[in-house]
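Residue numbers (this note's numbering): 5 to 400.
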């Protein structure tokens, strides 16, 4: 995942680019993880000064990680999207930090950031993370404002994968977007002692095959389909355990999943771990990565699993097929628990397939989805529209 070590020294600048990253929350999720990944990659660099603007005031793991990196964080909680006082605070903060480029993630930040950047004449970009807009179930005015923000002439659109770019065309009108695939840093690879430590914590013997799913307990992730599939696997392979990692944003949904596991007779073999900070360690302690999502963009959790050498069994949605092509990973249609169960059984039963696929996916993510190259692509994009001519000047 490490790019050419001399690459960072090829650029010199009289003063760092004052870059703003804006995001809805720092609780959990792929977009939030990418903000932290970007900040980690900037350590030791002098060409960028990063400020993170977050529309949430909670004390969260990702926020603490950014604080440990000594990143400047501006918290901008508000009553609602059109909170006038918050918008004025955002304008004041952007001026006060003299932000020269603003990059937003997620819907609310995109909407507020686009209008604020437009008023202040700041170059602006937003990353599109999913094949479906995240405002589908919100009020009409939010949808309208989000769509207007995406279509503003100064809004640069960045898709995390080709599937996302293609799916976003209806939202973008005639405008297009660039594709910059997601990435993971080397830090997501767990240390060699993690497997034994976490398996001991979870009470997993070495003869147990642990299937792990990482994702918030929300409808998009289709955990109910996964439980149905795992019930069929358990009936044939009692030596399997399903580990679910993710915060329960909808408590009723998690209670329903627990009740479903009871009905299926698999409750003792399903571990609801909730929100965890040690996801790489949990991945290292597991044997197979599984996802039953109805839709995705380019899931960071999949890339993290690949980096830790887990063979994936996932639904054929979003960028998954492109990322996993020719690796041996198994892809199945969404909303098909029978197909998911059969693919899981194939992977569980064939240790050779597990090992070959693990090697292939690890090689793929190291080669194509490293953080250093990803950061350089983003900085090149910022440089194209930066108002300052002295930033990122190539040395002779």
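Glycine residues also receive a C-beta, built at the ideal position from the N, C-alpha and C atoms. Since the structure is predicted, the reported quantities are computational estimates derived from the model, not experimental observations.
Taking only heavy atoms of the ligand FMN into account, decide whether any of them is closer than 7 Å to the Cβ of residue 374.
-> With respect to small molecules bound, the structure shown includes none, and the ligand FMN cannot be examined in it.
Can we say the stretch 323 to 338 touches the stretch 194 to 210, given the rule of at least three CB pairs closer than 8 Å?
-> no
Give the DSSP bridge partners of residue 105, in chain order.
-> Your numbering for residue 105 matches position 101 in the chain shown. 23, per the DSSP bridge assignment.
In the structure shown, what three-state DSSP assignment does residue 140 receive?
-> For the purposes of this step, residue 140 is identified with residue 136 of the chain shown, where counting begins at 1. For residue 140, the predicted structure reports a pLDDT of 47, less than 50, and the residue's modelled location is therefore unreliable. A value from the coordinates is still provided. If DSSP states are grouped into helix, strand and coil, residue 140 belongs with coil.
In chain order, what residues of the same chain have a beta carbon less than 7 Å from the beta carbon of residue 69, not counting five sequence neighbours either side?
-> The count along the chain shown starts at 1 and reaches residue 69 at position 65. 40.
Once you ignore the five residues that flank residue 115 on each side, which residues in its own chain have a CB closer than 6 Å to its CB?
-> Residue 115 sits at position 111 when you count from the first residue of the chain shown. Closer than 6 Å at the Cβ level, and outside the excluded window around residue 115, lie 149, 150, 153.
What are the boundary residues of the alpha helix (DSSP H) that residue 401 is part of?
-> The question about residue 401 has no answer, for the chain in this structure spans 5 to 400.
So, helix, strand or coil for residue 386, using DSSP?
-> Walking along the chain shown from the start, residue 386 turns up at place 382. In the structure shown, residue 386 sits in a helix (DSSP, three-state: H, G or I).
Per DSSP, which one or two residues make a beta bridge with residue 57?
-> In the chain shown, counting from the first residue as 1, residue 57 sits at position 53. Bridge partners of residue 57: 26, 78.
Assigned exposure category for residue 84 - 16 Cβ within 10 Å defines buried | For the purposes of this step, residue 84 is identified with residue 80 of the chain shown, where counting begins at 1. Classification for residue 84: exposed.
Assigned secondary structure, residue 341 (DSSP; H/G/I helix, E/B strand, else coil) | Stepping through the chain shown from its first residue, residue 341 is reached at position 337. Here residue 341 sits in helix by DSSP.
In or out: residue 140 buried (at least 16 other Cβ within 10 Å) or exposed?
-> Along the chain shown, one-based indexing puts residue 140 at 136. The pLDDT assigned to residue 140 is 47, lower than 50, so where the model puts this residue is not dependable; a value taken from the coordinates is nonetheless given after this. Classification of residue 140: exposed, given that the 10 Å Cβ count is below 16.
Residue 304 - containing alpha helix (DSSP H), residue span = Counting from 1 along the chain shown, the entry for residue 304 is found at position 300. Residue 304 -> alpha helix (DSSP H) spans 304 to 311.
Going by the beta-carbon positions, is the gap between residue 275 and residue 247 smaller than 8 Å?
-> For the purposes of this step, residue 275 is identified with residue 271 of the chain shown, where counting begins at 1. For the purposes of this step, residue 247 is identified with residue 243 of the chain shown, where counting begins at 1. Against a cut-off of 8 Å, the Cβ pair of residue 247 and residue 275 comes out as a contact.
Buried or exposed: where does residue 71 fall if 16 or more other Cβ atoms within 10 Å of its Cβ makes it buried?
-> The sequence position of residue 71 within the chain shown is 67, counting from 1. So residue 71 counts as exposed.
Put residue 261 into one of helix, strand or coil per three-state DSSP.
-> As a first step, residue 261 must be located in the chain shown, where it is residue number 257. In the structure shown, residue 261 sits in a helix (DSSP, three-state: H, G or I).
For residue 83, name the three-state secondary structure that DSSP assigns.
-> For this step, residue 83 is matched to residue 79 along the chain shown. Residue 83: coil per DSSP, three-state reduction.
Helix, strand or coil: how does DSSP classify residue 361 here?
-> Here the question's residue 361 lines up with position 357 in the chain shown. Residue 361 falls in the helix class under three-state DSSP.
Is residue 24 buried or exposed, if buried means 16 or more other CB atoms sit within 10 Å of its CB?
-> One-based indexing of the chain shown puts residue 24 at position 20. Residue 24 comes out buried.
When DSSP labels each residue in this structure, what does residue 50 get in the three-state scheme?
-> Taking the chain shown and counting its residues from 1, the one referred to as residue 50 is at position 46. Reduced to three states, the DSSP call for residue 50 is coil.
Nearest to residue 363 (by Cα), restricted to the options 317, 343, 381, 312 | As a position in the chain shown, residue 363 is number 359, starting the count at 1. Measuring from the Cα of residue 363, the nearest candidate turns out to be 312.
For residue 300 versus residue 134, is the C-beta spacing smaller than 8 Å?
-> Counting from 1 along the chain shown, the entry for residue 300 is found at position 296. Counting from 1 along the chain shown, the entry for residue 134 is found at position 130. Yes, the pair counts as a contact, with Cβ atoms nearer than the cut-off.
Span of the beta strand (DSSP E) around residue 278 = Here residue 278 is taken as the residue at index 274 of the chain shown, counted from 1. 274 to 278 is the span of the beta strand (DSSP E), which, as asked, contains residue 278.
Residues near residue 366 in its chain [Cβ-Cβ closer than 7 Å; skip 5 each side] | Within the chain shown, numbered from 1, the residue matching residue 366 stands at position 362. Closer than 7 Å at the Cβ level, and outside the excluded window around residue 366, lie 310, 311, 313.
Counting only the same chain and skipping the five closest in sequence on each side, list residues whose C-beta sits under 8 Å from that of residue 122.
-> Taking the chain shown and counting its residues from 1, one reaches residue 122 at position 118. Cβ within range, chain order: 128, 156, 158.
Helix, strand or coil for residue 334 per DSSP?
-> Position 330 of the chain shown, counting from 1, holds the residue named residue 334. In this structure, residue 334 counts as strand in the three-state DSSP scheme.
Thinking C-alpha only, which one of 51, 26, 266 is nearest residue 379?
-> In the chain shown, the residue the question calls residue 379 occupies position 375. Nearest of 51, 26, 266 to residue 379, Cα basis: 51.
Using DSSP bridges, identify the partner residues of residue 294.
-> One-based indexing of the chain shown puts residue 294 at position 290. Partner(s): 317.
Quick one: what's residue 184 bridged to in DSSP?
-> Position 180 of the chain shown, counted from the start, is the residue given in the question as residue 184. Its beta-bridge partners do not exist; DSSP assigns none.
Straight-line CA distance for residue 193 to residue 383?
-> The residue given as residue 193 occupies position 189 in the chain shown. The residue given as residue 383 occupies position 379 in the chain shown. Each residue's alpha carbon lies about 25 Å from the other.
Whole angstroms is fine: what's the gap from residue 182's alpha carbon to residue 161's?
-> As a first step, residue 182 must be located in the chain shown, where it is residue number 178. As a first step, residue 161 must be located in the chain shown, where it is residue number 157. So the two alpha carbons sit approximately 6 Å from each other.
Is the CB-CB distance between residue 97 and residue 78 below 8 Å?
-> Indexing the chain shown from 1 puts residue 97 at position 93. Indexing the chain shown from 1 puts residue 78 at position 74. Against a cut-off of 8 Å, the Cβ pair of residue 78 and residue 97 comes out as a contact.
Pick from 124, 234, 227, 221: whose alpha carbon is nearest that of residue 213?
-> In the chain shown, residue 213 corresponds to position 209, counting from 1. Per the Cα distances, 234.
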